[in-house]
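**Q** Going left to right, the sequence shown walks through residues 134 to 381 as our numbering numbers them. Here a beta-carbon is modelled for each residue, glycine too, at the ideal position from N, C-alpha and C.
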Amino acid sequence: MSLTTLQIRPFTPFPIKISRHAYRTNTKLSFKALPKPLQIKSKSHETHHDFTPQTKTQEDGIPIEDVKIIAKFKSRYNYIRVLEISRKADHPFAGSRLLLLDAPGNIHSISFLFKSLTNTYFDVFAALPPIIPPGPIAILGFGAGSAARLLLELYPGVVVHGWELDPSVIDVGREFFGLKKLEKQYPDRLFIYVGNALSAEVKDGFSGILVDLFCKGSLIPELQDPNTWEKLRKSLRKGGRIMVNAWG
134 MSLTTLQIRP
144 FTPFPIKISR
154 HAYRTNTKLS
164 FKALPKPLQI
174 KSKSHETHHD
184 FTPQTKTQED
194 GIPIEDVKII
204 AKFKSRYNYI
214 RVLEISRKAD
224 HPFAGSRLLL
234 LDAPGNIHSI
244 SFLFKSLTNT
254 YFDVFAALPP
264 IIPPGPIAIL
274 GFGAGSAARL
284 LLELYPGVVV
294 HGWELDPSVI
304 DVGREFFGLK
314 KLEKQYPDRL
324 FIYVGNALSA
334 EVKDGFSGIL
344 VDLFCKGSLI
354 PELQDPNTWE
364 KLRKSLRKGG
374 RIMVNAWG
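1. Just to confirm my understanding: we take F226, look at its own chain, exclude 5 residues before and 5 after, and list those with CB closer than 6 Å. What are they?
2. Let me check understanding here. Comparing Cα to Cα, which of R322, E316 and H224 lies closest to I197?
3. With F255 as the anchor, note down where its alpha helix (DSSP H) starts and where it stops.
4. I'd like the list of long-range same chain contacts for L261, defined as Cβ closer than 6 Å, with 5 residues on each side in sequence excluded.
5. Locate the beta strand (DSSP E) running through K201, then write down its first and last residues.
6. Please confirm whether L298 and Y210 have their CB atoms less than 8 Å apart.
7. Would you call the CB atoms of R374 and I264 closer than 8 Å?
8. Mapping the DSSP letters down to three states, classify E334 as helix, strand or coil.
9. Going by C-alpha distance, which of L343, H241, A379 and G194 is nearest V305?
10. From what residue to what residue does the beta strand (DSSP E) around E217 run?
11. Using C-beta distances below 8 Å, list every residue in its chain close to P266, excluding the 5 sequence neighbours before and after it, in chain order.
12. Report the CB separation of Y326 from W296 in whole angstroms; it is logged as a contact under 8 Å.
13. Is DSSP giving S368 helix, strand or coil here?
14. Sort V302, T251 and L285 by Cα distance to K205 and report the nearest one.
15. Between which two residues does the alpha helix (DSSP H) carrying R230 extend?
16. What's the gap between the Cα of W362 and the Cα of L356?
17. Cβ atoms of L287 and V293: under 8 Å apart, would you say?
18. Compute the beta-carbon to beta-carbon distance between P237 and G350, rounded to the nearest angstrom, for a pair I have assumed lies under 8 Å.
19. Compute the Euclidean distance between the alpha carbons of K165 and K317, then round it to the nearest angstrom.
20. For G338, which residues in the same chain have their Cβ closer than 7 Å to its Cβ, ignoring the five residues on either side in sequence?
21. Write down the C-beta distance between N252 and F347 rounded to the nearest angstrom, noting that I regard them as a contact closer than 8 Å.
22. Taking buried to mean at least 16 other C-beta atoms within 10 Å of its own C-beta, is L283 buried or exposed?
23. Who does S242 pair with in a DSSP beta bridge?
What follows is the structure, encoded as structure tokens:
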């Protein structure tokens with residue numbers, strides 16, 4: 134059994150690092166590369182010839198006996214699966230829950246029971262507030278709330294507005310990823326909308342926008358249209374920035 138094209142990239146502790154490219158334009162953009170596939174492997178794929186201990190990274194396979202599927206169904210927009218990784222697993226995702234969407238099995242959210250940071254690109258999203266002016270932050274492609282959780286917990290003054298197309302993804306976030314608790318904890322700082330993320334707007338504009346929009350394992354076609362970026366630029370307040378999870 135294998136799940137490929139997972140939308141997760143390791144952070145600094147691991148050999149495969151996030152790729153970031155700066156583009157000098159009037160709108161400040163930060164780009165992050167999509168990851169290579171992560172495999173879930175059966176015992177038959179293990180070798181017994183190499184006895185050298187090695188540190189596992191997110192690119193390594195997770196033994197199937199360490200993976201539990203706790204939800205699996207099809208919504209109007211996605212094939213949704215929630216995986217729970219054993220805390221005993223020899224893998225950076227040990228003790229986590231993963232939200233997989235679409236046939237490729239992209240990871241759209243990750244949460245750990247006893248820690249906030251994930252060692253994935255969500256942690257890079259959390260680096261946005263110090264380089265933008267005060268004001269609300271939009272998350273386009275909210276998922277189950279991984280990026281929102283980090284922003285709310287790390288920055289007491291940040292207000293987050295999140296857009297997600299699939300209401301079933303929000304339901305899964307509330308049931309399996311602690312999103313319901315997060316909403317109760319931050320009723321004046323977290324606002325979630327179901328609908329087209331590219332229509333996101335607030336009065337006086339956003340100070341920052343996080344773009345994490347995918348469909349069937351690829352960027353949505355609208356992100357290849359310059360008019361989309363011009364529209365997003367106009368939804369920023371002065372000094373605002375956009376950070377994008379995109380193909381490298």
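**A** Taking the geometry as given:
1. Listed in chain order, the non-local C-beta contacts of F226 below 6 Å within the same chain comprise I218, local neighbours out to five positions each way being set aside.
2. H224
3. Y254 to F258
4. Hits under 6 Å: G341 and M376.
5. V200 to K207
6. yes
7. Yes, the Cβ-Cβ distance between R374 and I264 is below 8 Å.
8. coil
9. H241
10. Y212 to I218
11. S340, R370, K371, G372 and G373
12. Indeed they touch by this definition, with Cβ atoms about 5 Å apart.
13. coil
14. Among V302, T251 and L285, the Cα nearest to that of K205 is on V302.
15. Looking at the DSSP string, R230 is not in any alpha helix (DSSP H); the run it does join, the beta strand (DSSP E), is S229 to L234.
16. 7 Å
17. no
18. At roughly 4 Å, the Cβ-Cβ gap stays under 8 Å, so P237 and G350 are in contact.
19. The predicted model places K165 with a pLDDT of 46, which falls under 50 and marks its position as unreliable, so this point remains unresolved.
20. S368, L369, R370 and G373
21. No, N252 and F347 are not in contact; Cβ-Cβ is about 20 Å, not under 8 Å.
22. buried
23. L232
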